[in-house]
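Read top to bottom, the protein sequences are chains A and B. Residue numbers for the first sequence follow my numbering, beginning at 1 and rising by one. Residue numbers for the second sequence follow my numbering, beginning at 1001 and rising by one. All remarks here apply to the structure that follows.
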Amino acid sequence: MVAGAAAVSTLRIADDCLVLSHRLAQWSSWAPTLEDDIALTNIALDLLGQARAMYARTAELDGTGRSEDDYAFMRDERAFVNCLLVEQENGDFATTILRQLLCSTYQLAQWQALTTSTDGQVAAIAAKAVKETEYHRDHATDWTLRLGDGTDESHQRMESALAALWPFTAELFESDDVSRDAAGLGVGPDPEDLRAAWDAYITRVLDDATLVVPKVSWKPTGGRQGLHTEAFGYMLAEMQHLHRSFPGVTW
Amino acid sequence: MRSNGPIERDLAGSAVSGGDAGGAVGDAREAEFQALIEADQRIEPRDWMPDAYRKTLIRQIAQHAHSEIIGMQPEGNWITRAPSLRRKAILMAKVQDEAGHGLYLYCAAETLGVDRSELIDLLHQGRQKYSSIFNYPTLTYADVGAIGWLVDGAAITNQIPLCRCSFGPYARAMVRVCKEESFHQRQGFELLYALSHGTPEQHEMAQDAVNRWWWPSLEMLGPPDTESTHSAQSMAWGIKRFSNDELRQRFVDMVAPQAVVLDLVPPDPALRWNEERGHYDFGPCDFEELRRVVSGDGPCNRQRAAHHLKAHEDGAWVRAAAAAYAAKHAASAAA
C-alpha cells in the first residue's frame, strides 16, 4: 500500500485541472471569435473551480492542511503530478481544441467514475464537475468537427495537432501503485479502466471529423512522477512569480 | 412596419445634421419620431429614425463595444500572474464579463443594420475609436484594483443614465452591463482595500496605482462641455442625459469619500468638499493629454490595436472553417 495514495490521486486530478485551466486562460483576448473567447475562459473557470475543490480535499487527505495557494504557487515543477498532455502549449486554435477534446473526454469519464467514490466529498465535487465537463467536451467536439471537416487548411492544422498531441494520450491510462491503491480503496477509478469509453468516443468524433489517428511509437510519460516537459517550467515561473515575490501576504 | 430606407455606409463618420425624411410623409415621420423622444418613449429598431440619429448611435454603441473588447487587454495582462487562485478566478470572470458586454453591444449595434465584422474592420482601420483609458499600461496587480474602482466607476457613472437612453436595444443592454459593472467596481474596491490594509509594500503598490489611474479616469468622461463635439444633439435625442462635466462631478463625488475608506490619497491637492456647492472641488484635468491619447499617442495605443488585429487575423482560418463546415452541412441537409 502506498502511503497517502488517496491524497496523491486527488492531487493528480487537481493539478490536471489547474494546469489545463491556466493554458486555456492564456487565450483570453486572443480567441478567433468573441464567442469562443468567452467559451474558453468559461471552461478555464470551471477547471479552476474543480482544481480548488480538489486541492481543499487533498489538504485534508494528506493531513498537511496546506492552502490551495500553497499547492498552486509554492511547489516547484518536480512536485506537480499533472499529466503531460494538459501542460502542452496552446499552439494554434486547432491544437488547443484537440487538446481539449482529448482531455475533457478523459476527465468526463474520470468524473463520472468519481461520482461513486467512497470519499463522499470527492463524489460531491464529481457530481458538479460531470455537468461542467460534458459542456467542455461538447464544445471541443463541435469545433473538432468544424475544423476537421471545414477547409483544407483547417483539416491540415487538425492533422498536425493530432500528430503533436496523440503521443501524450498514452500516459492518461497508465496505472501505477498509487492509482491501483486508490482504486482499491474505492476513492477513484484506475486510469486503465477509463480507456474503453475514451477510445469509443474519440474514435467516433475523429471519424466524423474525417481525421485519422496517426500511428506513433513514442509514448512520453513521467508527469505523474513530476517529470515534465521544458515548457511547463516557464508556465509555472510566470504563474508563481508574483505570489512568491511577496511571501506570506494576503491578496 | 415602416422601412428605414437604405442604410448609409459612412459608419465611421460623425453624426451629420438633418434626416432623410423628405416631403410631407417625411415630415410626418420626423414629427412622430420627435414626439416619441419628447414623451421619453423608446425608439425601436424597426421604427423610422433620422439617418443622423442612426449614425450617432452606431458610432456610440460601436465605440462602447470596442472599449469592452480592447478593455480585456490591460486586465487580461495579469490573468496568468494573478497572485492567488481566488484573485485569478475573479479576474478571469471579470475579463469574461467584458467580452460578454462587447457581444451584447455589437448585437445592439446590429439592430441598426450594421454587421459586427464591419465595425471590427472600422476599428482596425482606426476609423472608430475605443475609450482612451485602455491605452494606459497595467504595471502591477494593484492596477487591476484601480481599474475596477476608478475606471469601472467612471464607466458606471456614464452608463447608468444610458439605461434610459432613447434607443431601446442600447438601453436594455445597459441595464445588464451596469449590474455587472457595479459588481466589478466593488471587486476593484475590495482588492485595493486588501492591499491598502496589507503590508506597507502592498499599500505603496495600491497608492501608486491610484496615482497613475486617477486623472485618466476623470479624463475618460470626455472633453469639457465647452469642447464636446457631439453632446448637444445627443442630449436633444435622449441618447445622452448629462453633460461630460456633470458626469465628472458625479464621479468625483462618488469616489472621493471612498478614497478615505481605502486610506489612499487621490493625486489632486485641490480635492476637497465644498459645503456651499454640496460637491467636491477638484483640480483641472489635463485635456491636452486626453487629446493626445485619443488621437493615437497614448502609451499603449499601438500595442492594443496590434494585439486585436493579430488575434483577428490569426483567427481568420478558424472562421473560414466554420463557414465552410456550415455551408457543407446545409447543402447536405438540403439534398
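Every residue, glycine too, gets a C-beta built ideally from N, C-alpha and C.
query                                                                                                                                                                                    : result
With Asn258 (chain A) as the anchor, note down where its beta strand (DSSP E) starts and where it stops.                                                                                 : Coverage of chain A is limited to positions 1 through 251, which leaves residue 258 (chain A) absent and any answer about it impossible.
Quick one: what's Asp1281 (chain B) bridged to in DSSP?                                                                                                                                  : B:Arg1272
Measure the alpha-carbon distance for Ala113 (chain A) versus Ala1324 (chain B) and round it to whole angstroms.                                                                         : 38 angstroms
From the DSSP secondary-structure annotation, give me the bridge partner or partners of Ile1043 (chain B).                                                                               : B:Phe1167
Where do the N-terminal and C-terminal ends of the alpha helix (DSSP H) with Val213 (chain A) fall, by residue?                                                                          : Here Val213 (chain A) belongs to no alpha helix (DSSP H), and DSSP marks it neither H nor E.
With DSSP as the reference, label Asp1263 (chain B) as helix, strand or coil.                                                                                                            : coil
Asp1253 (chain B) and Tyr1280 (chain B) look like a contact to me (Cβ under 8 angstroms); what is the Cβ gap, rounded to whole Å?                                                        : 6 angstroms
Is Ala1015 (chain B) buried or exposed, if buried means 16 or more other CB atoms sit within 10 Å of its CB?                                                                             : Its pLDDT being 38, under 50, Ala1015 (chain B) is placed unreliably by the model, and the measurement read from it follows with that caveat. Ala1015 (chain B) should be labelled buried.
So, for Leu1290 (chain B): in the same chain, excluding its five sequence neighbours on each side, which residues have a beta-carbon less than 7 angstroms away from its beta-carbon?    : Ser1132, Glu1219, Pro1223
Within 10 Å of its beta-carbon, does Val1261 (chain B) have 16 or more other beta-carbons around it, so buried, or fewer, so exposed?                                                    : exposed
In its own chain, which residues sit with a C-beta less than 8 angstroms from the C-beta of Asp177 (chain A), not counting the 5 before and 5 after it?                                  : Val2, Ala5
Flag this pair as touching only if the region 51–70 of chain A and the region 5–22 of chain A have three or more C-beta atom pairs under 8 angstroms; answer yes or no.                  : yes
Using a Cβ cut-off of 8 angstroms (strictly closer), state whether Asn42 (chain A) contacts chain B.                                                                                     : yes
Which bits of chain A does Leu1085 (chain B) rub up against, with CB to CB less than 7 angstroms?                                                                                        : Leu48, Arg52, Glu68, Asp69, Ala72
Out of curiosity, what's the CA-to-CA distance linking Ala1321 (chain B) and Ile1239 (chain B)?                                                                                          : 39 angstroms
Whose Cβ in chain B lies nearer than 7 angstroms to the Cβ of Val249 (chain A)?                                                                                                          : Gly1198, Thr1199, Gln1202
How long is the line joining the alpha carbons of Glu171 (chain A) and Asn82 (chain A), rounded to whole angstroms?                                                                      : 10 angstroms
Contact check, Gly1153 (chain B) vs Leu1195 (chain B) under 8 angstroms by CB: the rounded distance?                                                                                     : That pair is no contact at about 17 angstroms.
Report the residue from B:Ile1079, B:Ile1147, B:Arg1029, B:Ala1331 whose alpha carbon sits nearest the alpha carbon of Trp1214 (chain B).                                                : B:Ile1147
Compute the beta-carbon to beta-carbon distance between Ile97 (chain A) and Leu147 (chain A), rounded to the nearest angstrom, for a pair I have assumed lies under 8 angstroms.         : 6 angstroms
Establish whether the CB of Val1260 (chain B) and some CB of chain A are separated by less than 8 angstroms.                                                                             : no
Taking its Cβ as the centre, do 16 or more other Cβ atoms sit within 10 Å of Arg244 (chain A), making it buried, or is it exposed?                                                       : exposed
Counting only the same chain and skipping the five closest in sequence on each side, list residues whose C-beta sits under 6 angstroms from that of Tyr71 (chain A).                     : Tyr55
List the residues of chain A whose Cβ lies closer than 7 angstroms to the Cβ of Gly1102 (chain B), in chain order.                                                                       : Leu34
Using the beta-carbon count (16 or more within 10 Å), is Thr1199 (chain B) buried or exposed?                                                                                            : exposed
Closer than 8 angstroms, CB to CB, is His22 (chain A) near chain B or not?                                                                                                               : yes
Could you give the distance in angstroms between the alpha-carbon of Ala12 (chain A) and the alpha-carbon of Trp111 (chain A)?                                                           : With the sequence shown as reference, residue 12 (chain A) is identified as Arg, and Ala is not the correct amino acid for it. Between Arg12 (chain A) and Trp111 (chain A), the C-alpha separation is close to 13 angstroms.
Consider the Cβ of Ile38 (chain A): report whether some Cβ of chain B lies at a distance smaller than 8 angstroms.                                                                       : yes
If you scan the region 1043–1104 of chain B from start to end, which runs of the alpha helix (DSSP H) of 4 or more residues do you find wholly inside it?                                : 1051–1070, 1072–1076
Looking only at its chain, what residues have a beta carbon closer than 7 angstroms to the beta carbon of Glu1181 (chain B), apart from the 5 residues adjacent to it on each side?      : Asp1152, Ala1155, Ile1156, Gln1159
Quick one: does Gly223 (chain A) have its CB under 8 angstroms from some CB of chain B?                                                                                                  : no
State yes or no: is the beta carbon of Val1177 (chain B) nearer than 8 angstroms to at least one beta carbon in chain A?                                                                 : no
Return the chain-ordered list of same chain residues with a C-beta closer than 7 angstroms to the C-beta of Val1095 (chain B), the five sequence neighbours on each side being excluded. : Met1072, Glu1075, Gly1076, Ile1079
Mind checking whether Asp1225 (chain B) and Asp1208 (chain B) have CB atoms under 8 angstroms apart?                                                                                     : no
Can you tell me the Cα-Cα spacing of Pro1266 (chain B) and Arg1212 (chain B), whole angstroms?                                                                                           : 10 angstroms
Among A:Val187, A:Thr151, A:His136, which has the Cα closest to the Cα of Ala124 (chain A)?                                                                                              : A:Val187
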